[in-house]
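Below: the structure, in structure tokens.
Numbering (our numbering), first residue to last: 31 to 129.
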């Protein structure tokens, strides 16, 4: 599991961001931090989302609260799309039964 973790300090250095930005994202619940032997890490699977947050913050000056709203709306959209697809599939089953 530890091979799928990336040190927060490494991320801050690579993306040229402050540790306080990562802490704020964590406190808001936008990212999860894993602590191993008193070192903070982020799971590799979260890097894509983190990169989006960094770009929105740096390029569009979106604050932490704005990022929270954006990513909550994106998650809701994803859930609604999944629900719509499930309903479409159920409808197709009923349509095929009537043929």
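All residues carry an ideal CB built from backbone N, CA and C; glycine is no exception.
- Residue state for residue 47 is assigned as coil, using DSSP reduced to three classes.
- In the three-state reduction of the DSSP assignment, residue 61 falls in the coil class.
- Under DSSP, residue 101 takes part in no beta bridge, so it has no partner.
- Under the three-state reduction of DSSP, residue 93 is assigned to coil, being neither helix nor strand.
- Using a Cβ-Cβ distance cut-off of 8 Å, the stretch 97–106 and the stretch 64–76 are not in contact, since fewer than three pairs of beta carbons, one from each stretch, lie closer than that value.
- Residue environment for residue 41: buried (at least 16 other C-beta atoms within 10 angstroms of its C-beta).
- The C-beta separation of residue 80 from residue 72 comes to about 7 Å, placing the pair in contact by the 8 Å criterion.
- Listed in chain order, the non-local C-beta contacts of residue 57 below 6 Å within the same chain number zero, local neighbours out to five positions each way being set aside.
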